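Q: Here you go, one structure.
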Amino acid sequence: MKNLSFAPKMRTLRQRMTEHMVSVSDESSEDEAQMKWEEQQIKKAVRLSQEIYSDASLCKSQPAKPKFDTSVSLPPVSLEIVKKRLTERITSLQDVHCAHQREYEKYMQDIESSKMTVEELEKNSDAALNYKFYRGMKTYVENLINCLNEKLKYINELELAAHALLQQRAMAVLKRRQDELKIESAYIQHLTTGKDKPTNGGLEGDEKMEILKTCEHRRTCRRQVREQSQKADHHEGMSSDDELTPTEVTEFQESKDNILEDSRKIFEDVHADFCDIRKILLKFQEWKEKFPDSYCDAYVSFCLPKLLNPLIRVQLINWNPLESSTDLAEMPWFRAVEEFSNAENSSESKREDDPDQEVLPRVIEKTVLPKIAAFVQNVWDPLSTSQTENLVQLCRNIFEKQVPSKSEGRKAKEDLIKEVVLRMKKSIEEDVFIPLYPKSTVEDKSSPGSKFQERRFWSAVKLLSNVLLWNGIVQEDMVRDLGLSKLLNRYLLLNLLNTPPGPDNIEKCTKVVVCLPERWFEDLGNGSTLPELLNFCQHLLQCARVLHKNNQSDETKEVILLLVKVKALHIVEDFIEEYKLEHLKSIIGK
1 MKNLSFAPKM
11 RTLRQRMTEH
21 MVSVSDESSE
31 DEAQMKWEEQ
41 QIKKAVRLSQ
51 EIYSDASLCK
61 SQPAKPKFDT
71 SVSLPPVSLE
81 IVKKRLTERI
91 TSLQDVHCAH
101 QREYEKYMQD
111 IESSKMTVEE
121 LEKNSDAALN
131 YKFYRGMKTY
141 VENLINCLNE
151 KLKYINELEL
161 AAHALLQQRA
171 MAVLKRRQDE
181 LKIESAYIQH
191 LTTGKDKPTN
201 GGLEGDEKME
211 ILKTCEHRRT
221 CRRQVREQSQ
231 KADHHEGMSS
241 DDELTPTEVT
251 EFQESKDNIL
261 EDSRKIFEDV
271 HADFCDIRKI
281 LLKFQEWKEK
291 FPDSYCDAYV
301 SFCLPKLLNP
311 LIRVQLINWN
321 PLESSTDLAE
331 MPWFRAVEEF
341 SNAENSSESK
351 REDDPDQEVL
361 PRVIEKTVLP
371 KIAAFVQNVW
381 DPLSTSQTEN
391 LVQLCRNIFE
401 KQVPSKSEGR
411 KAKEDLIKEV
421 VLRMKKSIEE
431 DVFIPLYPKS
441 TVEDKSSPGS
451 KFQERRFWSA
461 VKLLSNVLLW
471 NGIVQEDMVR
481 DLGLSKLLNR
491 YLLLNLLNTP
501 PGPDNIEKCT
511 KVVVCLPERW
521 FEDLGNGSTL
531 PELLNFCQHL
541 LQCARVLHKN
551 NQSDETKEVI
561 LLLVKVKALH
571 IVEDFIEEYK
581 LEHLKSIIGK
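Residues in the sequence shown are numbered consecutively from 1, following UniProt numbering.
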């Protein structure tokens, strides 16, 4: 053990006392300092002895390191024993690792669960905002429905007034035409029987003559207009004869302006959010973007067509599908609904089968098609080519692009087509009249009887052309029945049979053939034409024979070409073989 140094190098007692004790100035303090120094030395000696004793006891308590005894024998150790113990050690470590892995997975699951819980809590924190939105949307829809219900009465009245105005004008024109037809027919009939004046038929003779003069005046005015415009391929009787007097035009326009003015006042006291279709759809678009699931569950797409119906009808009050006015696609409501139906949805609200894509077709089905059907039933004049062409084009566009292929869409289309067929049948029964006069009467082309008969024939040809325009929209068998069976074979063919073969007859037959749709003859085989055209083809064959006998080769060739166009090839081949006209075989393949 290390010896402790109690003091440095031995110094004199006086020197050591001077270092540790406070010096005193007088000689009496030295004894007191001596005593204090001795006490300090005793205390140091006692503390040193205690430390030595404690170190000795600590040394005794520590056991001595065992010494390896080489005389003791150890158990034998082999490779198998080492391998076994290592395997047991590895297995134990693996078990511990698996336990730690399971504990780790449990911790990860707890983390994911905690994240989900946090998300749910965050969503629940937006419950107040969601409730506020739904509450506001419910209030908005209720106010919108109440507003439309209140305005619906006025919309119905104005729509009915506008339709009645157009119907009244159409019925007036139709009635005037039929009255003039009866009067003129009776007048011509009395002329052919040799009487000077017709008998009374509900009107006095002077009044009838005045009606005939007015009719002739309108006819003359139309003729002058055609001459100025140099319009070709027109015959007397092909005009619709629907002109109104200046007084009638003024009255009609005033009534129409009053209706339109009233229609503009319907929603003048309503905020734009409840009468502007675009803004209304934006409200529902916001719902769809924020809460697509509830939007879909509420079947909003099925309700919107009925909800928008009154607003669209107001915009359609001034729309007449029979006139070449603004197209549907150019109307504000159409563009707004089309943009809504075709809008690209956000990733949250996008669905494979978006029901909003059917909003525009359903609007067309629920609102537009019934309006068109009403026009067809009460306003459309099948004898008017312009009205028919506009109506056909409109229906073709709607059926090909905008009407859904579902059962309800088909029903609306079928109802409209049914009205078209009924109206054409009615026109054929009431407007077609081709009188038959003695040969001596019609041979004079300048006679009133001949002119009247020609006008009636060409009027029927015009109706035939208008009927056949519906091919591709109305069922083909129905069009063939109306145009060929009821109109051509029943009326036109009878006049053709009584017309001598020649340029006039050929011109009439050519016009009939031009009206026939080419697609009817594309799939015909075996050189035979349509069954409904057999009688017409026989008439052409008889004309060709007469013309050939009269050495009119050019006219004969024209008739043969007409037979080729209607695919009556057997008749043409037999005629060429019968008269040895080998030079005409080349036209069969045309």
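Beta carbons: idealized from backbone N, C-alpha and C, even for Gly. These numbers come from a predicted model, not from an experiment.
(1) Measure the alpha-carbon distance for residue 307 versus residue 458 and round it to whole angstroms.
(2) Helix, strand or coil for residue 270, going by three-state DSSP, please let me know.
(3) Can you tell me whether residue 372 is helix, strand or coil according to DSSP?
(4) So for residue 551, helix, strand or coil by DSSP?
(5) Since residue 382 contacts residue 424 with CB under 8 Å, what's their CB separation in whole angstroms?
(6) Quick one: is residue 241 buried, meaning 16 or more other Cβ sit within 10 Å of its Cβ, or exposed?
(7) Whole angstroms are fine: how far does the CA of residue 321 sit from the CA of residue 472?
(8) Does the separation of the CB atoms of residue 453 and residue 436 fall below 9 Å?
(9) Tell me which same chain residues have a C-beta within less than 6 Å of the C-beta of residue 208, skipping the five on either side of it?
(10) Buried or exposed, going by whether 16 or more other CB atoms sit within 10 Å of the CB of residue 43?
(11) Under DSSP, the alpha helix (DSSP H) around residue 502 begins and ends at which residues?
(12) Please classify residue 586: does DSSP put it in a helix, a strand, or coil?
(13) Got a sec? Which residues, its chain only, sit under 6 Å from residue 483 by beta carbon, not counting five neighbours each side?
(14) Which residue marks the beginning of the alpha helix (DSSP H) containing residue 399, and which one marks its end?
(15) According to DSSP, residue 474 sits in a beta bridge with which residue or residues?
(16) Use the C-beta contact count for residue 475: other C-beta atoms within 10 angstroms, 16 or more gives buried, fewer gives exposed.
(17) Sorted by chain position, which residues of the same chain lie with C-beta nearer than 7 Å to residue 148's C-beta, five sequence neighbours on each side aside?
(18) Please report the Cβ distance between residue 569 and residue 527, rounded to the nearest whole angstrom; I am assuming they are in contact, meaning their Cβ atoms lie under 8 Å.
(19) Given this structure, state the Cα-to-Cα distance separating residue 535 from residue 331, to the nearest angstrom.
(20) Kindly list the residues whose CB is nearer than 8 Å to the CB of residue 349, restricted to its own chain and excluding five residues on each side of it in sequence; keep chain order.
(21) Beta carbon of residue 378, beta carbon of residue 167: below 9 Å?
(22) So residue 509 and residue 562 are in contact, right, with Cβ under 8 Å, and what is the actual spacing, rounded?
(23) DSSP on residue 292, reduced to helix/strand/coil?
(24) Rounded to the nearest angstrom, how far is the Cβ of residue 218 from that of residue 248, given a contact under 8 Å?
(25) Could you tell me which of 501, 225, 324 and 281 sits nearest to residue 341, measuring between CA atoms?
(26) Just the C-alpha distance for residue 575 and residue 511, rounded to the nearest angstrom, thanks.
(27) Using a Cβ-Cβ cut-off of 8 Å (strictly less than) and excluding sequence neighbours within five positions of residue 211, which residues of its own chain qualify?
(28) Cβ atoms of residue 158 and residue 317: under 9 Å apart, would you say?
(29) Would you check if the region 492-504 and the region 540-557 touch, i.e. whether three or more CB-CB distances between them fall below 8 Å?
(30) Tell me whether the beta-carbon of residue 412 lies closer than 9 Å to the beta-carbon of residue 365.
A: From the atom records:
(1) Translated into the one-based positions of the sequence shown, residue 307 becomes position 307. Translated into the one-based positions of the sequence shown, residue 458 becomes position 458. Taking the straight line joining both Cα atoms gives about 48 Å.
(2) Here the question's residue 270 lines up with position 270 in the sequence shown. The answer is coil: DSSP assigns residue 270 none of H, G, I, E or B.
(3) Stepping through the sequence shown from its first residue, residue 372 is reached at position 372. DSSP places residue 372 in helix when its eight states are reduced to three.
(4) Counted from its first residue, the sequence shown places residue 551 at position 551. Residue 551 falls in the coil class under three-state DSSP.
(5) Here residue 382 refers to the residue found at position 382 of the sequence shown. Here residue 424 refers to the residue found at position 424 of the sequence shown. Residue 424 and residue 382 do touch by the CB rule: their CB atoms are close to 5 Å apart, below 8 Å.
(6) As a position in the sequence shown, residue 241 is number 241, starting the count at 1. Flag for residue 241 reads buried.
(7) For the purposes of this step, residue 472 is taken as residue 472 along the sequence shown, with counting starting at 1. For the purposes of this step, residue 321 is taken as residue 321 along the sequence shown, with counting starting at 1. Going by the C-alpha atoms only, they are around 19 Å apart.
(8) The count along the sequence shown starts at 1 and reaches residue 453 at position 453. The count along the sequence shown starts at 1 and reaches residue 436 at position 436. Yes; because the gap between Cβ atoms is below 9 Å, this pair is in contact.
(9) As a first step, residue 208 must be located in the sequence shown, where it is residue number 208. Cβ within range, chain order: 183.
(10) Here the question's residue 43 lines up with position 43 in the sequence shown. Taking every protein chain shown into account, the CB of residue 43 has fewer than 16 other CB atoms within 10 angstroms, so this residue is exposed.
(11) Locating residue 502 in the sequence shown gives position 502, where the first residue counts as 1. Careful: residue 502 lies outside any alpha helix (DSSP H) and carries neither H nor E.
(12) On the sequence shown, residue 586 is found 586 positions in, with the first residue counted as 1. Helix, per DSSP.
(13) Residue numbering aside, residue 483 sits at position 483 when the sequence shown is read from its first letter. 464, 467 and 468, listed in sequence order.
(14) Numbered from 1 along the sequence shown, position 399 holds the residue referred to as residue 399. Counting along the chain, the alpha helix (DSSP H) containing residue 399 begins and ends at 385-401.
(15) Taking the first residue of the sequence shown as 1, we reach residue 474 at position 474. Its beta-bridge partners are 471.
(16) Stepping through the sequence shown from its first residue, residue 475 is reached at position 475. Residue 475 should be labelled exposed.
(17) As a first step, residue 148 must be located in the sequence shown, where it is residue number 148. Answer for residue 148: 310, listed in chain order.
(18) The residue given as residue 569 occupies position 569 in the sequence shown. The residue given as residue 527 occupies position 527 in the sequence shown. So it is a contact: roughly 4 Å between Cβ atoms.
(19) For the purposes of this step, residue 535 is taken as residue 535 along the sequence shown, with counting starting at 1. For the purposes of this step, residue 331 is taken as residue 331 along the sequence shown, with counting starting at 1. One C-alpha to the other measures close to 49 Å.
(20) The residue you call residue 349 lines up with position 349 of the sequence shown. Low local confidence applies: a pLDDT of 45 at residue 349 is under 50, so the model's placement there is unreliable, with the coordinate-based value given in what follows. The residues are 288, 289, 292 and 295.
(21) Translated into the one-based positions of the sequence shown, residue 378 becomes position 378. Translated into the one-based positions of the sequence shown, residue 167 becomes position 167. Against a cut-off of 9 Å, the Cβ pair of residue 167 and residue 378 comes out as a contact.
(22) Stepping through the sequence shown from its first residue, residue 509 is reached at position 509. Stepping through the sequence shown from its first residue, residue 562 is reached at position 562. The pair is a contact, with the Cβ atoms about 6 Å apart (cut-off 8 Å).
(23) For the purposes of this step, residue 292 is taken as residue 292 along the sequence shown, with counting starting at 1. Correct three-state label for residue 292: helix.
(24) By 1-based counting over the sequence shown, the position of residue 218 is 218. By 1-based counting over the sequence shown, the position of residue 248 is 248. Between residue 248 and residue 218 the Cβ distance is about 13 Å, and since that is not below 8 Å, they are no contact.
(25) Against the sequence shown, residue 341 aligns to sequence position 341. Checking every option, the nearest Cα to that of residue 341 belongs to 281.
(26) Taking the sequence shown and counting its residues from 1, one reaches residue 575 at position 575. Taking the sequence shown and counting its residues from 1, one reaches residue 511 at position 511. If you draw a straight line from the Cα of residue 575 to the Cα of residue 511, it comes to about 23 Å.
(27) As a first step, residue 211 must be located in the sequence shown, where it is residue number 211. 179, 180, 183 and 203, listed in sequence order.
(28) Locating residue 317 in the sequence shown gives position 317, counting from the first residue. Locating residue 158 in the sequence shown gives position 158, counting from the first residue. Going by C-beta atoms, residue 317 is nearer than 9 Å to residue 158.
(29) yes
(30) Within the sequence shown, residue 412 is the residue found at index 412, counting from 1. Within the sequence shown, residue 365 is the residue found at index 365, counting from 1. Contact flag set, yes.
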